[in-house]
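Asker: Chains as they are written, first to last, in our numbering: chain R, 1 to 508; chain Y, 1001 to 1100; chain E, 2001 to 2630.
Next up is a structure, given as structure tokens.
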Amino acid sequence: MENILSVLVFFPLVAAILGFLVGKKSIRVYGISVATIEFLLTLWLWFAFDNSNGGFQFIEYIPLVSEFGINYYLGVDGISLFIVIMAALMTLVGIIALNVKKDLKNMIITLLFLEVAMIGVFVSLDAIVFYLFWEFSLVPMLYIIGAWGGELRLYAAIKFFLYTFAGSLVMLVGMLYMAYVYHSVSGVWSFAITDWYALVLPLSIQKWLFWAFFLGFAIKVPMFPFHTWLPYAHGQAPTVGSVILAAVLLKMGSYGFVRFSLPMFPDASVAYITPVAIIAIIMIIYTAMVAYAQKDMKQVIAYSSISHMGVIVLGTFAMNAEGISGSIFQMLSHGIVSGALFLLVGVIYDRRHTKLMSEFGGLALVMPKYALIFGIMMMASVGLPLTIGFIGEYLSLAGFFKISPMLTLLAGTSIILGAIYMLSLYKRSFFGPVTNEANAKLPDLDSKELTALVPLVALVVWLGVYPKPVLGPIDNSVKALVTFMHEKAQTSEAKSVIVVSKRTKEAK
Amino acid sequence: MIGLGHYLILASILFSIGLVGVIRRKNLLMLFFATEIMLNAANVAFAAISSYHHDLAGQMFAFFIVAVAASEVAVGLGLLILLYKKYGTLDLDEFTMMKG
Amino acid sequence: METLVYTALFAPLVGSLFAALFAMSPKRQMTGVVTSILLFVSFFSSAKVLMHVVEHGEVHIKLMDWIVAGDMYIPFGFNVDAVSAVMMTVVTLVSMVVHIYSNGYMEHDRSFNRFFSYLSAFVFSMMVLVMSDNFLGLFIGWEGVGVCSWLLIGFWYHKEDVGRDVNPSISPSWAANEAFIMNRIADLGMLVGIFLIYWNVGSLQYDKVFEVVPGLDHGLLVMIGIFLFIGAMGKSAQFPMHTWLADAMEGPTPVSALIHAATMVTAGVYLVIRANPLYELIPEVSYFIASLGTFVAIFAASMALVNRDLKRIIAYSTLSQLGYMFAAAGLGAYWVALFHLAAHAFFKALLFLGAGNVMHAMHDELDIFKMGGLKKVMKWTYIYMGVASLALCGIWPLAGFYSKDTILEVAFNEHTYIIWFILWLTAGMTAFYSFRLVFIAFWGDERYKKLGFHPHEVQNYVLWGMLPLGILAVVFGWHKESFMEFVTEMLPAYEMSEHTHHMVATLTVATTLIALGGILLAFRLYSVRLRRDEKVEKSKIYKVLSNQYYIPIFYKNTFSEPYAKLSEIAWKEVDMQVVDATVDGIANIIEESGDAARQAQSGNLSDYLRWIAIGAIALAVLALFAALKS
């Protein structure tokens, strides 16, 4: 299968369009089958992937508007491969756990459209194609929040859309300027990311471009102080919306840093490590505190997402293989864990139609299976060793320690503050006596919910104990990336900060 | 001797009269007259400049404008009659259904 | 040999997973039995491995790779040398006894199966901690025991939060969270220590690190030493992170015996012993460790003097004994610290299990003032607790005599007379509070009768199960010489000076005298009946001590409450009022300006015509300017 990536992108699209013809009764089965096939295809992609190759694979290239250098150009490397797999997995899990009464058919079709956009973003190697998928992903999400959300759904949906859209427009300007610069240097138009990589820019231009891209990514991540759309979006979105949003859509921002900012503007990235790191640390500490103050379970997890994304950003700007590999691994880990946590909150919301912690207490007595899975996910979220959450967080912090021990110490408070808000959530909801009559007879997880959650639990433990199959390919690509950045860097500062790992050097 | 300048001054004066009419008048019929005056001001300028440069293109344009103005009046007056039938007035300030 | 090591390591895990299968079903005796048998298997293998290590030296094996990224290479590697072999044997032995004991203690608990699952999981984590061959592997165990401790302290999570005056620990779940979070603070320190090692050595394997350490910059070593010790302080509950240990007594008593006395809390001491090549190089940090240990010894003992809670008294004594261990390790006598660690594990676990028997008999009543005269009904428990207390006081020929006395000798030998004096004084206090407990609970008038209790001795098999600890509390000290020979293969030997040798007899007598003095005082005050002195109980110092120096209150007022308030401000004032309000503000400005501009769309055609005219004129003017310019 030479064109597996196109299949991955367009299969859900075709399936979504055909979905309009499927009857209402069989739409759930249809959705699950499509998502399963898609997920199996991504697994096949992993199977066929050459782990020892750090560059792009499965490349597809079809000229679209060749006079302007816009082409249909796809490919994956170790960095994007697992995010693609995760996107397919979380869509599948989200559809399995789907529990909306209203317009189920529309929801499933929307999710399939969303899947197209998500996978498209991570496999595009052409900036315009990337941008198209990037913006297209907003539409299904807008619809999901706006149509199935809570009371403030319209406000939340519009805020989500306009805020992220504004950011991406700045990014688009950056892309156009980048193409213009490329044109003026080489004489031909090109939007291919790989072409842009090869372009060595003077620091002054890099700086402008860095901030243009930064704004687009930072709003998506979301980084402080651009984060306030997220609590509203999560607060109003239906469970499946939150799952996809936290698991995959946020990763588009942090992925952008790795795919665009670092290799295209290595000097500017190094020059701006300190301000970016300070923002990241504010994210980590400040949103962890805000999370602690929340009364609503879902909001705690929403704010905790921001805090964890801070660690990811920090790891990305560590400029060494440890930190960047760690941050990519943390993207996967955060995707799985926060997705699972949102599913879990959805479970209790379905039963009680409230998410306020004060309404609960003693749930561990009534719903032991639920408490167990929640407990495991909570421990993964606070970064317990031998769960998936530890490895990424550890590597990200370890990597950034090379840049600045003091800032890492501050960022490391995430392991303390994370424990504080998560444990207090757990204590308030699960421990203590059952005080509220309404909770006394809640049913435990049913088979549908278990089907969605148990694979995630297995994944959390498996990748925590044996991360090698995933971390290996990531690390290979990251090493190639770091070596590339090191060679491309012009300023002596950047040369010294970007550390090529010893093993890469020896291999040469 | 009447030179190009005089024609242009006449055209300008005519145009200004038309413009003031467009700005000040409230009756749609009067507005039509005002626009006709402006069009004819342009015609005068076209014809004068055409003769000055010995280029017939200007006069051709003037004819065009006459034709356009004639057809415009034909269609426009028809519309005005319809408007009058519907609303019983041709006062501009009465037509505010496009208010945003 | 590999098989034995893996058996020792994984048998508890298998037991834990097996018990976990039944975690949500009603009690099955089988889970208790199976986990106990697997623990025996683990103990047996550990003992065999210990024998092997005695004869053939250390065993180093690698299971598989764990984290490989950049230059970071961390395997699941296990290194069994003298120190870890001793730790493994001690841990599995005490765990096995505690497992057997728990079969009786948890008999009527509805979460019987779950309890054994947690308990065995703890043993597995502890084994990882002591067996690992690198710092990050140790960290896995370190965090693993933390989680198991969290689960087990909060085992009776259904209890409600109550005020501090009713129960100083508030509730099991509260105490569990306190323990976990406080340990996390320390873990951050440890993690920073690990990062420092990684970026300066390039590896986290013990052997590589300790090989490179002598060549590193002294200031850097000091930093590494301090950060690793911060980790140790949290796990071993050293001041100022000690409050969680007393609150951890909310957990079931077997847990207190195993985790919060014998094994987990000694992990910090183990870390210092393990990193001895590092601490040898930084005497100033070592001296600080010794001083802090000494301080904690007397500080904790002082709180134990006045407490009325059976388990808290023993918890404070644990804290105090951990102080002794750190004092020994800080002074360079690593093998002595390890020796005291092992001896303490035996007698302190015994003491706690005895306390568990008393609690069972008294229906979970913990106030010793409500007991009295229990020796008549609980003869064997009395004997066990008496032996354990004697060992704790350091009375010849019990285990504590050998280990504690050696620590005092070391302090004397190092010419740190202040440390020696404080530790000596603490020995007296230890004797007093231990026997205060014994006399008040077991001697004197039977106050419980009035309160309607009907205490009875526990099941026979439980008493038999405790026997190994009872025997070891007596005989372990007799093997001091062979123990020293064995562990000093790994650890630096500690030589006493000539001068100290002369003084040994005098020192021993002095220590024994003060211990006996403490016991005698307790005997005079409490053996016949409970003598309470109103004046003393109303005095300021008594209040300070019984309120734990007001430290928990201080923490609440300076850390937890301000943090909660600050969080509230961060959310409501900053996030909502500033950050989000700015975003909405920008949106509103755009909306309002649009609204204002909308006025131009009046719908009035004559207005539009005017605008057209103005536009036309403006264009004409512009054209004019452009024409003039060119």
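The beta carbon of each residue, even a glycine, is placed where N, CA and C say it ideally should be.
All of these numbers come straight from a predicted model, not from anything done at the bench.
#1: What does Y:Tyr1055 touch in chain E if you count any residue whose Cβ is under 7 Å from its own?
#2: Under the assumption that R:Val337 contacts R:Met377 (Cβ atoms under 8 Å), give the Cβ distance between them as a whole number of angstroms.
#3: Would you kindly check if the distance between the Cβ of E:Met2490 and the Cβ of E:Lys2305 is under 9 Å?
#4: Can you list, in chain order, the stretches of the alpha helix (DSSP H) that have 4 or more residues and sit fully within the stretch 2306 to 2345 of chain E?
#5: For the stretch 1013 to 1039 of chain Y, which residues have a beta carbon sitting closer than 7 Å to at least one beta carbon of chain E?
#6: Taking 9 Å as the CB-CB cut-off, is E:Val2068 touching chain R?
#7: What is the DSSP secondary structure of R:Ser137, counted as helix, strand or coil?
#8: What's the C-alpha gap between R:Tyr232 and R:Ala156?
#9: Which bits of chain E does R:Ile281 rub up against, with CB to CB less than 9 Å?
#10: Give the range of the alpha helix (DSSP H) segment to which R:Glu151 is assigned.
#11: By a C-beta neighbour count over all protein chains shown, 10 Å radius and 16 as the cutoff for buried, is R:Val200 buried or exposed?
#12: Whole angstroms are fine: how far does the CA of R:Ser325 sit from the CA of R:Val454?
#13: I want to know whether the stretch 2004 to 2015 of chain E touches the stretch 2036 to 2047 of chain E - three or more CB-CB distances under 8 Å.
#14: Could you work out which residues of chain E lie near Y:Phe1095, taking near to mean beta carbons separated by less than 7 Å?
#15: Leaving out five residues before and five after R:Val93 in sequence, what residues of the same chain have Cβ atoms less than 6 Å from its Cβ?
#16: Quick check on E:Ser2602 - is its C-beta less than 9 Å from some C-beta in chain Y?
#17: Just how far apart, CA to CA, sit E:Phe2229 and R:Ala277?
#18: Give a yes or no on whether 9 Å exceeds the smallest Cβ distance from E:Ile2612 to chain Y.
#19: Judging by CA-CA distance, which residue of R:Val243, R:Leu74, R:Val185, R:Phe68 is the nearest neighbour of R:Leu98?
#20: Let me make sure I understand the geometry here. Which of E:Met2190, E:Asp2161, E:Ile2100 has the alpha-carbon closest to that of E:Gly2137?
#21: I want to see whether chain R comes within less than 9 Å of E:Ser2084, judged by CB atoms only; does it?
#22: Quick one: what does DSSP say E:Ser2010 is sitting in, helix, strand or coil?
#23: Give the DSSP-derived three-state secondary structure of E:Phe2078 in the structure shown.
#24: Take R:Val264 as the anchor and find which of R:Ala198, R:Lys159, R:Pro385, R:Lys101 has the nearest alpha-carbon.
#25: So, are the CB atoms of Y:Leu1039 and Y:Ala1069 less than 9 Å apart?
#26: Taking the C-alpha atoms as reference points, what is the distance between R:Ala489 and R:Trp196?
#27: Quick check on R:Thr91: buried or exposed, where buried means 16 or more other Cβ atoms within 10 Å of its Cβ?
#28: Which residue's Cα is closest to the Cα of R:Gly55: R:Gly253, R:Leu81, R:Leu250?
#29: How is the beta strand (DSSP E) around R:Glu60 delimited, first residue to last?
#30: Spell out whether any CB of chain E is found under 9 Å from the CB atom of R:Leu344.
#31: Does DSSP put R:Asp126 in a helix, a strand or coil?
#32: Does any C-beta atom of chain Y lie closer than 9 Å to the C-beta of E:Ala2616?
#33: Suppose you measure from the CA of R:Thr228 to the CA of E:Val2579; what does that come to, to the nearest Å?
#34: Does Y:Leu1092 get closer than 9 Å to chain E when you measure Cβ to Cβ?
#35: Counting only beta-carbon separations shorter than 9 Å, does E:Leu2245 have a partner in chain R?
#36: Excluding five sequence neighbours on each side, which residues of the same chain lie with their C-beta closer than 6 Å to the C-beta of E:Ser2102?
Answerer: In this structure, then:
#1: On the second sequence, position 55 is the one that residue 1055 of chain Y refers to. The residue asked about is misnamed: residue 1055 of chain Y is Asp in this sequence, not Tyr. Under the 7 Å cutoff, chain E gives no residues; its nearest Cβ is about 21 Å from Y:Asp1055.
#2: Taking the first sequence and counting its residues from 1, the one referred to as residue 337 of chain R is at position 337. Taking the first sequence and counting its residues from 1, the one referred to as residue 377 of chain R is at position 377. Contact check for R:Val337 and R:Met377: beta-carbon distance about 6 Å, within the 8 Å limit, so the pair qualifies.
#3: Indexing the third sequence from 1 puts residue 2305 of chain E at position 305. Indexing the third sequence from 1 puts residue 2490 of chain E at position 490. For the record, residue 2305 of chain E in the displayed sequence is Leu; it is not Lys. Their beta carbons are not under 9 Å apart, which means E:Leu2305 does not touch E:Met2490 by this criterion.
#4: Counting only runs of 4 or more, we get 2310 to 2330.
#5: Only those residues of the stretch 1013 to 1039 of chain Y whose C-beta falls short of 7 Å from the nearest C-beta of chain E are listed: Leu1019, Val1022, Ile1023, Lys1026.
#6: Here residue 2068 of chain E refers to the residue found at position 68 when the third sequence is read from its first residue. So, interface residue.
#7: To locate residue 137 of chain R, count along the first sequence from 1; it is residue 137. Coil.
#8: Position 232 of the first sequence holds residue 232 of chain R. Position 156 of the first sequence holds residue 156 of chain R. Roughly 5 Å separates the two Cα atoms.
#9: Here residue 281 of chain R corresponds to residue number 281 of the first sequence, with the count starting at 1. What R:Ile281 touches in chain E, judged by beta-carbon distance under 9 Å, is nothing: the nearest beta carbon there is about 14 Å away.
#10: Here residue 151 of chain R refers to the residue found at position 151 when the first sequence is read from its first residue. Unbroken run through R:Glu151: none, as it is neither H nor E.
#11: In the first sequence, the residue the question calls residue 200 of chain R occupies position 200. Note on R:Val200: under 16 other CB atoms within 10 angstroms of its CB, so exposed under the neighbour-count rule.
#12: Counted from its first residue, the first sequence places residue 454 of chain R at position 454. Counted from its first residue, the first sequence places residue 325 of chain R at position 325. R:Val454 and R:Ser325 have their C-alpha atoms roughly 26 Å apart.
#13: Three or more beta-carbon pairs separated by less than 8 Å link the stretch 2004 to 2015 of chain E to the stretch 2036 to 2047 of chain E, which places the two stretches in contact.
#14: For the purposes of this step, residue 1095 of chain Y is taken as the residue at position 95 of the second sequence. Contacts between Y:Phe1095 and chain E, judged by CB atoms closer than 7 Å, involve Leu2605 in chain order.
#15: The sequence position of residue 93 of chain R within the first sequence is 93, counting from 1. Closer than 6 Å at the Cβ level, and outside the excluded window around R:Val93, lie Ala452.
#16: Within the third sequence, numbered from 1, the residue matching residue 2602 of chain E stands at position 602. Look at E:Ser2602: its C-beta is under 9 Å from a C-beta on chain Y.
#17: For the purposes of this step, residue 2229 of chain E is identified with residue 229 of the third sequence, where counting begins at 1. For the purposes of this step, residue 277 of chain R is identified with residue 277 of the first sequence, where counting begins at 1. Spanning the alpha carbons of E:Phe2229 and R:Ala277 requires a straight line of approximately 28 Å.
#18: Along the third sequence, read from residue 1 onward, the residue named residue 2612 of chain E stands at position 612. The Cβ of E:Ile2612 sits closer than 9 Å to at least one Cβ of chain Y.
#19: If you number the first sequence from 1, residue 98 of chain R lands on position 98. For R:Leu98, the nearest C-alpha among the options comes from R:Val243.
#20: Here residue 2137 of chain E is taken as the residue at index 137 of the third sequence, counted from 1. Nearest of E:Met2190, E:Asp2161, E:Ile2100 to E:Gly2137, Cα basis: E:Met2190.
#21: Position 84 of the third sequence, counted from the first residue, corresponds to residue 2084 of chain E. Judged by the 9 Å Cβ criterion, E:Ser2084 is not in contact with chain R.
#22: To locate residue 2010 of chain E, count along the third sequence from 1; it is residue 10. Reading off the sequence shown, one finds Phe at residue 2010 of chain E, where the question assumed Ser. If DSSP states are grouped into helix, strand and coil, E:Phe2010 belongs with the helices.
#23: Mapped onto the third sequence, residue 2078 of chain E falls at position 78. Reduced to three states, the DSSP call for E:Phe2078 is strand.
#24: The sequence position of residue 264 of chain R within the first sequence is 264, counting from 1. For clarity, residue 264 of chain R is Met in the given sequence; the question names Val instead. Minimum Cα distance to R:Met264 is reached at R:Ala198.
#25: Reading the second sequence from its first residue, position 39 is the one you call residue 1039 of chain Y. Reading the second sequence from its first residue, position 69 is the one you call residue 1069 of chain Y. It is a contact, given that the beta carbons lie within the stated cut-off.
#26: Numbered from 1 along the first sequence, position 489 holds the residue referred to as residue 489 of chain R. Numbered from 1 along the first sequence, position 196 holds the residue referred to as residue 196 of chain R. Spanning the two alpha carbons is a distance of roughly 14 Å.
#27: The count along the first sequence starts at 1 and reaches residue 91 of chain R at position 91. Counting the other Cβ atoms within 10 Å of the Cβ of R:Thr91 gives 16 or more, which makes it buried.
#28: As a position in the first sequence, residue 55 of chain R is number 55, starting the count at 1. Ranking the options by Cα distance to R:Gly55, first place goes to R:Leu81.
#29: As a first step, residue 60 of chain R must be located in the first sequence, where it is residue number 60. Run containing R:Glu60: 57 to 65, per the beta strand (DSSP E) assignment.
#30: Numbered from 1 along the first sequence, position 344 holds the residue referred to as residue 344 of chain R. No - not a single Cβ of chain E is within 9 Å of the one on R:Leu344.
#31: Looking up residue 126 of chain R in the first sequence gives position 126. Strand.
#32: Here residue 2616 of chain E is taken as the residue at index 616 of the third sequence, counted from 1. Yes, contact with chain Y.
#33: Stepping through the first sequence from its first residue, residue 228 of chain R is reached at position 228. Stepping through the third sequence from its first residue, residue 2579 of chain E is reached at position 579. Spanning the two alpha carbons is a distance of roughly 7 Å.
#34: Mapped onto the second sequence, residue 1092 of chain Y falls at position 92. It does: the Cβ of Y:Leu1092 has a partner Cβ on chain E nearer than 9 Å.
#35: Position 245 of the third sequence holds residue 2245 of chain E. Not flagged as an interface residue toward chain R: E:Leu2245, since no C-beta distance is shorter than 9 Å.
#36: The residue you call residue 2102 of chain E lines up with position 102 of the third sequence. Taken in chain order, the residues that qualify are Pro2254.
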